[in-house]
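Residue numbers (this note's numbering): 6 to 82.
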């Protein structure tokens, strides 16, 4: 039977994981900065929403990448 699963190169997975982790840390730092500024104007509120959306997206991608890694590990064992 033909294997139709998607296999991602381990090096690419490691690079993607490192990149996403780095982006998550930056976004979290930016959000902390915005929180400490106590800004309530529309620009700060919009920035917080945007950064939170990006943060959620990066965390979802990281989680998906981790699941894919587990699936590949199980498939190759």
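A virtual CB, placed ideally from N, CA and C, is assigned to each residue, including glycine. No experiment lies behind these values; they were computed from the predicted model shown.
Backbone CA spacing between residue i and residue j [nearest angstrom]
i	j	result
residue 68	residue 75	11 Å
residue 26	residue 60	10 Å
residue 50	residue 22	29 Å
residue 16	residue 31	23 Å
residue 70	residue 19	10 Å
residue 66	residue 52	21 Å
residue 78	residue 43	46 Å
residue 33	residue 24	14 Å
Sequence-distant residues of its chain with Cβ nearer than 6 Å to residue i (five each side left out)
i	result
residue 35	56
residue 38	none
Beta-carbon separation (whole angstroms), residue i vs residue j, contact threshold 8 Å
i	j	result
residue 28	residue 72	Actually they do not touch by this definition, with Cβ atoms about 19 Å apart.
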